[in-house]
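Taking it in order: structure first as structure tokens, then the write-up.
Structure below.
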């Protein structure tokens with residue numbers, strides 16, 4: 648009888664169901680709380696992004712720091728949707744308004760209050776749930792418009808007096824129209840940046856052949872140091888310097904760049920061949936040292952024994968040791 652009793656499995660389903668209901672309901676509760684947490688976090692982030700864009704517009708329009716912070720808080724809370732504003736805190740970090748540009752940083756913290764987690768903890772502990780709130784943070788950054796300095800390098804050479812192709816207008820007139828349109832367009836954008844006094848500044852550089860940028864900029868990265876631009880070589884035909892003409896000193900084009908080849912280039916061998924390098928290669932005599940050889944006695948009449956019977960002194964021509972230096976500093 649006892650053996651039959653232990654082998655009897657009837658009536659166990661209700662007991663097993665009661666036992667498994669606790670973890671099942673706990674899993675459902677955690678899933679509900681987690682889903683709600685993610686939803687509130689996303690709504691907070693969306694409100695933060697919207698507030699960042701709107702607040703940036705207030706900054707460039709010239710609003711004060713207090714006005715910007717108040718606007719950011721109001722706009723953020725108005726877009727929280729289903730999230731309670733009391734459960735959030737907003738921190739606004741403003742850029743330096745004196746220099747323009749910078750980054751506006753908005754950071755929000757969300758205190759999520761779960762629905763089922765406290766009950767689950769109480770059932771497991773058999774007592775109070777304690778602190779069950781979950782903290783979440785979100786961050787949004789907006790890059791503001793920066794100041795702008797524009798240099799207009801305009802050609803005013805004689806050829807600008809000719810008519811442009813297909814327009815019937817002088818090139819100089821077309822250039823003036825394009826320059827004015829550019830200035831007007833940028834000036835309109837500058838009017839939106841009221842937090843600084845000079846958001847956009849212009850300079851005008853007329854030229855007829857070249858622009859002197861100064862010798863201190865000869866190695867600046869914005870210069871065409873390798874001669875990639877075809878305009879750089881418009882006055883030179885490096886192809887005439889072939890290895891067939893002079894295998895000791897010739898030019899070779901590799902990947903759109905001309906290089907110095909051959910030992911005849913000296914220390915500059917295998918370096919880019921550009922109009923800039925020609926300035927560096929040009930030298931001029933800067934000093935000359937005279938070297939006077941000693942006088943020499945020249946025999947005019949010799950004796951039978953080979954000794955000199957009669958002669959005269961000769962002063963050889965002097966030799967010179969030259970010192971060279973760069974012909975001129977590179978001026979662009």
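Numbering (the numbering used here), first residue to last: 648 to 979.
Glycine is no exception: its CB is placed at the ideal position from the N, C-alpha and C atoms.
In the pairwise beta carbon analysis, the segment 962–972 is classified as touching the segment 935–946: at least three pairs are separated by under 8 Å.
Runs of the beta strand (DSSP E) lying entirely within the segment 791–874 and spanning at least 3 residues, in chain order: 795–802 and 847–854.
Note that the C-beta distance between residue 764 and residue 677 is below 9 Å. Setting aside the 5 residues that flank it on each side, residue 760 is surrounded in the same chain by 780, each with a C-beta closer than 6 Å to its C-beta; the list follows chain order. Here residue 736 is actually not in contact with residue 722; their C-beta atoms are around 15 Å apart, not less than 8 Å. At the C-beta level, residue 851 and residue 801 come within 9 Å of one another. Residues of the same chain with a CB within less than 6 Å of the CB of residue 788, apart from the 5 flanking positions on each side, are 750 and 752 in chain order. Per DSSP, the continuous beta strand (DSSP E) segment holding residue 751 begins and ends at 750–759. Here residue 679 carries a helix assignment [DSSP, helix/strand/coil]. Classified as exposed, residue 670 has fewer than 16 neighbouring CB atoms from the shown chains inside 10 Å of its CB.
If you compare the alpha carbons of 716, 708, 892 and 908 with that of residue 695, the shortest gap goes to 716.
In the structure shown, residue 715 falls within a helical segment according to DSSP collapsed to helix, strand and coil. Taking a contact as a CB-CB distance under 8 Å, the pair residue 754 and residue 786 counts as one, their CB atoms being some 5 Å apart. Within the same chain, Cβ atoms closer than 7 Å to the Cβ of residue 720 are found at 737, the five residues on either side in sequence being excluded. Within the same chain, and ignoring the five residues on either side of residue 895 in sequence, the residues whose Cβ sits closer than 7 Å to its Cβ are 909, 910 and 911. Taking a cut-off of 8 Å on C-beta distances, the segment 815–835 does not touch the segment 864–877, as fewer than three cross pairs fall below it.
Straight across, the Cα-Cα distance linking residue 668 with residue 710 is about 59 Å. Residue 698 and residue 782 have their C-alpha atoms roughly 21 Å apart.
Excluding its 5 nearest sequence neighbours in each direction, residue 938 has C-beta neighbours in its own chain below 8 Å: 965, 966, 967 and 968, listed in chain order. Between residue 846 and the set 830, 732, 858 and 860, the nearest pair of CA atoms involves 830.
Residues of the same chain with a CB within less than 6 Å of the CB of residue 756, apart from the 5 flanking positions on each side, are 736 and 784 in chain order. Residue 872 has its alpha-carbon roughly 7 Å from the corresponding atom of residue 923.
Under DSSP, residue 940 forms no beta bridge with any residue.
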